[in-house]
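Read the structure below first, then the notes.
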Amino acid sequence: MVNIGLLGDISVGKTSILRLFVRYLNKGEIENVQGGLKCTVVKTDFSGEATVPGGNKDDSLNEKETKTIHPNRVVFREDTSGKAHTIFAPGGDRQRAVVKMGIITISRIATQIIAVFSLDRELERQFEFFNDVRFFPDKIYVCINKIDLLEGDRNKKLEELRAKITTFFSKRKIAINEFFDTCGETVENFEEVQKFNNRVAEMILEITTTH
Ligand SMILES: Nc1nc2c(ncn2[C@@H]2O[C@H](COP(=O)(O)OP(=O)(O)O)[C@@H](O)[C@H]2O)c(=O)[nH]1
Ligand SMILES: [Mg+2]
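Going by the numbering used here, the first residue of the sequence shown is number 1276, and it counts up by one from there.
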């Protein structure tokens, strides 16, 4: 059994990634991705999600801006082997004591960590989040999310970002197993949306099945 912790600054897409993964399981899409296999959702808990009053999502579409207070959680099972795994995604707002407690708890119980970064803001700001996380394994995974927002020469920019992230963690003696580039939303007008949505599912499957 693998316990995955998704950690990262506020609004990088941790909750979206978890919801997308659940959708892949519920719709059977999980079997069609690279390394795909049949899995079933055992339990989901998104009760730690609170609606942000006056958030900037469109209320008329019944989309509400939400913020994670208590850690979200998904338990799923590989149908063939029967192995169960849990993914935890605490909130990112470490200024709030209750959220920070969730981050620290999850960083302790997770056996694998995915550090999530977003392409909508400077990396330096996002690194601050990790300065508070005290319990880290020697090796982690990194997810670069919101790939749809990357403009220009994608490979060149991703190389630069990966180098910066590697340097940041190596100062703390943390190595990086692998980088995953993802899109955690069903973004319209993004041609490769399916490919990068799939990467979310592939990332979680790869991490759970190789440990
Ligand atoms: N463009 C884009 N937006 C995303 C992506 N993933 C998440 N979002 C949006 O980013 C915002 C924050 O996402 P959320 O999952 O709540 O972030 P969390 O605070 O890390 O849990 C939401 O409005 C999501 O719809 C992505 O891959 N691309
Ligand atoms: Mg969240």
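We treat Cβ as the ideally placed atom computed from N, Cα and C, and that holds for glycine.
Query: Bridge partners - Ser1393, DSSP secondary structure assignment; Result: Asn1420
Query: Environment of Lys1318 [buried if 16+ CB atoms lie within 10 Å]; Result: exposed
Query: Within 7 Å, strictly: CB atoms of Pro1365 and Ile1389; Result: no
Query: Residue from Leu1398, Asn1420, Ala1476 and Asp1413 whose Cα sits closest to the Cα of Ala1438; Result: Leu1398
Query: Best match in Leu1433, Thr1386 and Asn1473 for proximity to Leu1424 [C-alpha to C-alpha]; Result: Leu1433
Query: Endpoints, beta strand (DSSP E) assigned at Ala1364; Result: Ala1359 to Ala1364
Query: Asn1406, enclosing alpha helix (DSSP H) - first and last residue; Result: Leu1398 to Asn1406
Query: Extent of the continuous beta strand (DSSP E) run through Gly1280; Result: Asn1278 to Leu1282
Query: Cβ neighbours of Glu1403 in the same chain (closer than 8 Å, five flanking residues each side left out); Result: Asp1284
Query: Start-to-end residues for the beta strand (DSSP E) that takes in Glu1435; Result: Where Glu1435 is concerned, there is no enclosing beta strand (DSSP E), although the alpha helix (DSSP H) it sits in stretches over Arg1429 to Ser1445.
Query: Beta-carbon proximity check, Asn1430 vs Val1391, cutoff 7 Å; Result: no
Query: Proximity to His1345 [Cα-Cα], best of Phe1454, Asn1307, Val1373 and Lys1289; Result: Val1373
Query: Presumed contact (8 Å Cβ cut-off) between Met1478 and Cys1418, rounded CB distance; Result: 6 Å
Query: Simplified DSSP state of Val1468, which is helix, strand or coil; Result: helix
Query: Reference Leu1281; option with closest CA among Lys1470, Gly1459, Thr1485 and Phe1471; Result: Gly1459
Query: Reduced DSSP secondary structure (H/G/I, E/B, other) of Arg1348; Result: strand
Query: Near ligand 1: Lys1289 beta-carbon under 6 Å from a heavy atom; Result: yes
Query: Distance CB(Asp1320)-CB(Arg1348) smaller than 7 Å; Result: yes
Query: Check: Thr1343 C-beta below 6 Å from any heavy atom of ligand 2; Result: yes
Query: Cβ of Phe1351 within 7 Å of any chain C Cβ; Result: Included in the structure is just one protein chain, with no chain C present.
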